[in-house]
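Undergrad:
Number of protein chains: 4
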Amino acid sequence: MARKKLRVALVGQGFMGRAHSNAYRQVGHFFDVPYEMETAVLCGRDAAALAKMAATWGWQETSTDWRAVVERPDIDVVDVAVPNVLHAELAIAAAKAGKIVLCEKPLAVSSEESARMRSAVAGLPNMVWFNYRRVPAIALAKRMIEENRVGRVFHYRAQYLQEWGNDPTRPPNWKTSRAGAGSGAVGDLMTHSLDLALWLNGPMREVMAMQHTFAQGRDIDDATLVMVRFANGSIGSLEATRYAVGCRNRNAFEIHGGRGMLGFDLEDLTRLTWFDATEPRDIQAARKLLVGAVGHPYAGNFWKLGHVTGYEHTFIAALGDFLGALSRGERFEPGFDQGHRVQLAVEAIQTSAARGGWVTVEQGE
Amino acid sequence: MARKKLRVALVGQGFMGRAHSNAYRQVGHFFDVPYEMETAVLCGRDAAALAKMAATWGWQETSTDWRAVVERPDIDVVDVAVPNVLHAELAIAAAKAGKIVLCEKPLAVSSEESARMRSAVAGLPNMVWFNYRRVPAIALAKRMIEENRVGRVFHYRAQYLQEWGNDPTRPPNWKTSRAGAGSGAVGDLMTHSLDLALWLNGPMREVMAMQHTFAQGRDIDDATLVMVRFANGSIGSLEATRYAVGCRNRNAFEIHGGRGMLGFDLEDLTRLTWFDATEPRDIQAARKLLVGAVGHPYAGNFWKLGHVTGYEHTFIAALGDFLGALSRGERFEPGFDQGHRVQLAVEAIQTSAARGGWVTVEQGE
Amino acid sequence: MARKKLRVALVGQGFMGRAHSNAYRQVGHFFDVPYEMETAVLCGRDAAALAKMAATWGWQETSTDWRAVVERPDIDVVDVAVPNVLHAELAIAAAKAGKIVLCEKPLAVSSEESARMRSAVAGLPNMVWFNYRRVPAIALAKRMIEENRVGRVFHYRAQYLQEWGNDPTRPPNWKTSRAGAGSGAVGDLMTHSLDLALWLNGPMREVMAMQHTFAQGRDIDDATLVMVRFANGSIGSLEATRYAVGCRNRNAFEIHGGRGMLGFDLEDLTRLTWFDATEPRDIQAARKLLVGAVGHPYAGNFWKLGHVTGYEHTFIAALGDFLGALSRGERFEPGFDQGHRVQLAVEAIQTSAARGGWVTVEQGE
Amino acid sequence: MARKKLRVALVGQGFMGRAHSNAYRQVGHFFDVPYEMETAVLCGRDAAALAKMAATWGWQETSTDWRAVVERPDIDVVDVAVPNVLHAELAIAAAKAGKIVLCEKPLAVSSEESARMRSAVAGLPNMVWFNYRRVPAIALAKRMIEENRVGRVFHYRAQYLQEWGNDPTRPPNWKTSRAGAGSGAVGDLMTHSLDLALWLNGPMREVMAMQHTFAQGRDIDDATLVMVRFANGSIGSLEATRYAVGCRNRNAFEIHGGRGMLGFDLEDLTRLTWFDATEPRDIQAARKLLVGAVGHPYAGNFWKLGHVTGYEHTFIAALGDFLGALSRGERFEPGFDQGHRVQLAVEAIQTSAARGGWVTVEQGE
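Protein chains in written order, with this note's numbering: chain A, 40 to 404; chain B, 40 to 404; chain C, 40 to 404; chain D, 40 to 404.
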């Protein structure tokens, strides 16, 4: 099988740049896709750090001028992994140059931006790095919902709880200001929960929310709490915060339906909690499925049952699935469409938090 | 030590009547109080069932006329364990007769009622059976908060999740109608969470809430969700539902503060989760304290560490503490004052759910 | 239903005396048996302490002369809760007086003793307080084994791990000397595991064991480790120790069979772990059954699902079952027969530990 | 920094070959070592499968003649990942050719073999792939033991429990015959436990063991149970089996000492259980350290706290540490010396199982 080369330009040299670099390096080892990813150009602002990172991860070139790189004809894929406020400009420029566009989440800092971005990539393969859809346990949850193992949903509950807001030794960075991130916990953390909620439980009709800032002088939300009415008749609550002391990275959800319950927590990402309410009552109990059994999502890609995978594999699997869809000419999800929908939900949340009361969530079409 | 006899009349022959009967039988075995509880009269509507229950639990007499019993001079204590809508009438009658009045939770079905009840018992020893304050793990949480082990509180999160709403084989009862219970999940379940929240985290300034009914034709809330702004600057979320499939009896809370985190779940009632954020980062982790160690609340009353106690002991301990306070002439908490405050919170929640938006919680004084 | 009075003489005023007293007080509240237990005489050595305990628990009389009491015609039941080395003398005296005889575990300190005790009670109702058979989760395990949910057993693994041996502040007591207890961890802790193993997994063919004493100058085993070949073809390991720092009271077992796995830990005594290996592989996982559901053992006796019971209930249930068997004229298990078999296993273990190598376990008949 | 090229020949095309290939690919991304690993030649028996695997993982050449490859002057490193019975021949040939020799575990199928292998690599850099020493949680356990957080050790308990022996659909392979593997559970699974026990708890003085075969006609042990007396005065038990239904891959240990307790389970490999017995009793409890915090082993290599790593990272870290030691001219552990010691323990175990009773463990020097 001859594999087509796809030459990538990655803009971003932080933690996410590293996670994406790893995905480019690893995807071919675990996914049988007809592409060879060439790590062509690494773009950023700090030339010395770029050189070091390029040497470590095998990027062929570095550049501090992403505009020039994005227009180079030898580049097939532009991957945007910079602070949120810069996503729109970069992604739209890449789209104008006709590139395949991959963008970190949240897609944008406003729905006006995300709408423009979505329009810009029309007809081009595109992806938002909502990597948690590719956690094997979450992919299994999706499948089990489709198999009607949950039944009519009553409750959807999501948390994304971190604690670093409480660390006084931590210096401010782009994530703690409106100028860099556009928003706080809602954009950084809750967008993950929103993407999963929309994927697993369908559209939201309306939300009622509050936002709170604990740190003096900060202009973004340290915590966001939301109540939701979903189109399927279920109700939900979402919580995202950087002040949940004791929680390293609790990206969790629970879904209660008439036929069963599903639960997940990223701190135990190899397991999916399942309660089967259709069994006889005396043997009903929550079980924690250790993901990776034959037949589970991605079981054939990585190692074997009991030999656990971790955080980085969600990026590899996202990329693997994207390339698979690309090779089949299929539309990939989550793309900018889904990223825009998440942004519409964020905006309804922010509106509700500002004025109190229920706010309708626009559906993006 | 000569022990004073206290003759009890218990009104109620259901599950709670049984739990209270057990408390009267057991309190003297585990608490060194200068009273001997005499289980004098058991009142209810069903004479045959009363006779059977009285034989089992050693009630000296039975009666289907609680009004007559409440006024008998040989009765010292009246214990109200009937459907919520009847609490006020009974408790007020008992108070008028000058009795010690104990009442099941929720104290009332409206704050107008609870205000009248509170006035009626002024000067009389009184108690609301918010038994969960006496779970040893929760009493330990209270102590640890007072020891400043949590620090400035950021988040308070409570859930009371049951699943029986989803059981189609279950017949309606007084708990599923406004006529019997006054409300649904909010009165039955969330009042427990509210009492604990007020006790552990202090007064609530305002709430924003939603209520939802899943079952067709039911006139009460099957689920209630609340956001809270507490007077201490923390924010909170409360959830109570009878449709959380997979949850037998998850009465849980988590408190995140600048110095640590506490967590509890009634399904694992012998443990208190604690995360100490003042330790060096590399050894920080949640631990589950097995309650009952020397120095823990109620460790001297029941068995020994690792020999666990359960649900019924919360009633025994509530009664034991009440009698201890009585013997010392101290005011007991939670009394009708606290029960009234919970009712004020319930009413703010119901108001918010009805009209949307934030509603101030009245403080009851 | 007129209930026959059974007048009890309890010999023993320690922790176990208290647990038994509670059982006599509570059994009639939770078990519908045609007997009324009269707590007639409490015997012990310390008259002042006896008086206090009798007042607390409602014993009608106290005595420091158990020999006289045991022969009194107004006594129906003699309950032996004294140090192990005294069991034989008391139980045999009670049997000679024709009493119903209940005895704490371990039944004896040698198989010679236990054989004599077994002979002495022939024809008399008798019980050994191996209370853990009545943990609802363990009773459920027994039922599930009988339902063939485990299949052919491969492995049986039991631990009884405590830590107090490591506490230098703890004074020696009768449990830490051969003169008082006959043995150390093997008699005190492992006899529980042995009784459960024989009940749940059947007879043992042979054992290979080691015993170890960590404390200087102590003449009993602080820890005992055993390998077992069971008659059913499975193999097992047993461990009992007082030096398992970190373990408050881990009385645990796991059984692995061709069709499934069961697991239990007394520190989480309301749950039974179950893994169903007959399900499709992709949904197989251990589940923790919260015991108390309709249909579970003792579900009808105590409270309801999610309202947990604890340590003391195992004594109440043992007594309740004993009285039920008595009323039906049935032989109760575990009786002195079973207590003797446990003692035979202990002796094989001690022999193996002394000389190394495999030792056949005598079957007692 | 110019990095020296190390050209690798890997012999083995199975699951382990894949895990090693990944390590060669990834080590430079996470470890700052002055070597560049060149995946030069992949050797095996099945040319077609070799070609496919080489294409996936980027091996430059393939060969079905490992003898020729091992002697090629352009090869620096020979990595042995073939069935156990072939380890000695390959490793000794590689050593004779003066190569750096890496070998999968168990090092050999007899101590006679492992002794010869150890002699053969004298003076050459060498490693045995006991990868679990590099699980961050286990490396942290080692450090905490060295910091005296466990104190005088009383008990060491290890399990390696798998269940696939019970799967009747599974065809026999080299691991299920003496001809391919030399032994069963003891060599495949318990050698991991032995290496960790020797590393964490020091030399073993003597062992008493049993071995059992459940499958008819199989000539190796399906399960091995061992009791141990360690040189440090502690006692231990080890268990390895392929018939622990319900256990996917439970490679677990617990260490109880006078100052604390440590516990680990590979199915939850991102956490280390720790109980600190030096704290006040009322706040003592087991905690599960989520490994990856600043200061933890390998925290600087992979992602960040809460972004978990998995199975494959243990191979990457083993290789990273080996290369680090190589660059500093240090002796690496575990090398063939350690592999030989494990083999001596295996042999004592097998001897004891064959004849019953205690057998002295030779120390290998």
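Note that CB positions come from ideal geometry on N, CA and C, so glycine has one too. Quantities reported herein were computed from a predicted structural model and do not represent experimental measurements.
Below 9 Å between beta carbons is the criterion; list the residues of the segment 333 to 350 of chain C that meet it against any residue of chain B, in chain order.
TA: Result list: F341, W342, K343, L344, G345, H346, V347, T348, G349 and Y350.
Undergrad: Give every residue of the same chain whose Cβ lies closer than 6 Å to the Cβ of W397/C, excluding the five residues on either side of it in the sequence, and list them in chain order.
TA: These residues qualify, in order along the chain: E245 and M247.
Undergrad: Would you kindly work out how many angstroms separate the C-alpha atoms of I177/A and W203/A, rounded to a whole number?
TA: Rounded to whole angstroms, I177/A to W203/A spans 25 Å at the Cα level.
Undergrad: Under DSSP, the alpha helix (DSSP H) around R111/D begins and ends at which residues?
TA: Premise fails: R111/D is in no alpha helix (DSSP H) and is neither H nor E.
Undergrad: Where G285/B and H295/A are concerned, what is the direct C-alpha to C-alpha distance, given to the nearest angstrom?
TA: The straight-line gap from Cα to Cα measures roughly 7 Å.
Undergrad: Relative to chain D, which residues along the segment 147 to 176 of chain A have a C-beta separation below 8 Å, given in chain order?
TA: Taking 8 Å as the Cβ-Cβ cut-off against chain D, none of the residues of the segment 147 to 176 of chain A qualify.
Undergrad: Mind the definition here: the segment 114 to 124 of chain D touches the segment 200 to 220 of chain D only if three or more C-beta pairs lie below 8 Å; say whether that holds.
TA: These segments touch.
Undergrad: Inspect the CB distances between the segment 148 to 160 of chain C and the segment 264 to 274 of chain C and report whether three or more fall short of 8 Å.
TA: Result no; under three Cβ-Cβ pairs closer than 8 Å.
Undergrad: Give the DSSP bridge partners of W313/B, in chain order.
TA: Answer by DSSP bridge pairing, in chain order: L301/B and R326/B.
Undergrad: Pick helix, strand or coil for L235/D, following the three-state DSSP scheme.
TA: Looking at L235/D - three-state DSSP - the assignment turns out to be helix.
Undergrad: Can you name the residues of chain B whose CB is closer than 8 Å to the CB of K214/D?
TA: Under the 8 Å cutoff, chain B gives no residues; its nearest Cβ is about 37 Å from K214/D.
Undergrad: Would you call the CB atoms of L328/C and L179/C closer than 8 Å?
TA: Yes. Within cutoff.
Undergrad: Shorter than 8 Å from the beta carbon of S222/B to some beta carbon of chain A?
TA: Output row for S222/B: interface = no.
Undergrad: To the nearest angstrom, how far is it from the Cα of S222/B to the Cα of V148/B?
TA: Computed Cα separation, rounded: 7 Å.
Undergrad: What are the boundary residues of the alpha helix (DSSP H) that includes G359/D?
TA: Per DSSP, G359/D belongs to the alpha helix (DSSP H) from E351 to S366.
Undergrad: For K181/C, report the span of its alpha helix (DSSP H) as first-last.
TA: Per DSSP, K181/C belongs to the alpha helix (DSSP H) from P175 to E185.
Undergrad: Of all the options D206/C, G349/C and Q323/C, which has the alpha carbon lying nearest to the alpha carbon of D304/C?
TA: Looking at the Cα atoms, G349/C is the closest of the given residues.
Undergrad: Excluding the five sequence neighbours on either side, which residues of its own chain have a C-beta within less than 7 Å of the C-beta of D227/B, listed in chain order?
TA: If we look at D227/B and ignore the five residues flanking it on each side, its Cβ neighbours are K214 and A220.
Undergrad: Applying the criterion that 16 or more other CB atoms from any shown protein chain within 10 Å of the CB defines a buried residue, is G275/D buried or exposed?
TA: When all chains shown are included, G275/D counts as buried.
Undergrad: Thinking S232/C and A283/C are a contact (beta carbons under 8 Å), I'd like their distance in whole angstroms, please.
TA: With a Cβ gap of about 13 Å, S232/C and A283/C do not count as contacting.
Undergrad: Going by DSSP in three states, K44/B sits in which element: helix, strand or coil?
TA: Three-state result, K44/B: strand.
Undergrad: If you measure from the beta carbon of N290/A to each beta carbon in chain B, is any gap under 8 Å?
TA: Judged by the 8 Å Cβ criterion, N290/A is not in contact with chain B.
Undergrad: Could you name the residues of the same chain whose beta carbon sits closer than 8 Å to that of Q402/B, not counting the 5 residues immediately before and after it, in chain order?
TA: Contacts found: P242, R380 and L383.
Undergrad: Can you give the Cα-Cα distance for L311/B and T353/B, rounded to whole angstroms?
TA: Between L311/B and T353/B, the C-alpha separation is close to 15 Å.
Undergrad: Just checking: is the beta-carbon of L264/D within a distance shorter than 8 Å of some beta-carbon in chain C?
TA: Yes, L264/D counts as interfacial toward chain C.
Undergrad: Could you name the residues that DSSP lists as bridge partners for D376/D?
TA: None, per the DSSP bridge assignment.
Undergrad: What residue range is occupied by the uninterrupted beta strand (DSSP E) comprising A279/A?
TA: Here the beta strand (DSSP E) through A279/A covers I274 to T280.
Undergrad: Report yes or no: do the segment 155 to 168 of chain B and the segment 66 to 86 of chain B share at least 3 C-beta pairs separated by less than 8 Å?
TA: The segment 155 to 168 of chain B is not in contact with the segment 66 to 86 of chain B.
Undergrad: Give me the chain D residues within the contact set of R287/A, using Cβ-Cβ distance strictly less than 7 Å, ordered along the chain.
TA: Simply L329, L344 and G345.
Undergrad: Under 7 Å Cβ to Cβ from R173/B, same chain only, skipping five residues before and after it: list those, please.
TA: These residues qualify, in order along the chain: T353, A356, A357 and D360.
Undergrad: Which residue wins for smallest C-alpha separation from L308/D, given the options F375/D, E128/D, H346/D and M166/D?
TA: When only C-alpha atoms are compared, the closest one is H346/D.
Undergrad: Please list, in chain order, all residues of the same chain as K343/A whose beta carbon is under 7 Å from its beta carbon, the five residues on each side excluded.
TA: Cβ neighbours of K343/A beyond the five flanking positions: G331.
Undergrad: Using only CA atoms, which one of D315/C, P336/C and G334/C lies nearest to R326/A?
TA: Here the closest residue by C-alpha is D315/C.
Undergrad: From the DSSP output, in three-state form, read off I407/D for me.
TA: Lying outside 40 to 404, the shown extent of chain D, residue 407/D is not represented and no answer is given.
Undergrad: Using the C-alpha atoms, what's the distance from G363/A back to V72/A?
TA: Computed Cα separation, rounded: 6 Å.
Undergrad: Could you name the residues that DSSP lists as bridge partners for E75/D?
TA: DSSP, once it has assigned bridges, lists K44/D as partnering E75/D.
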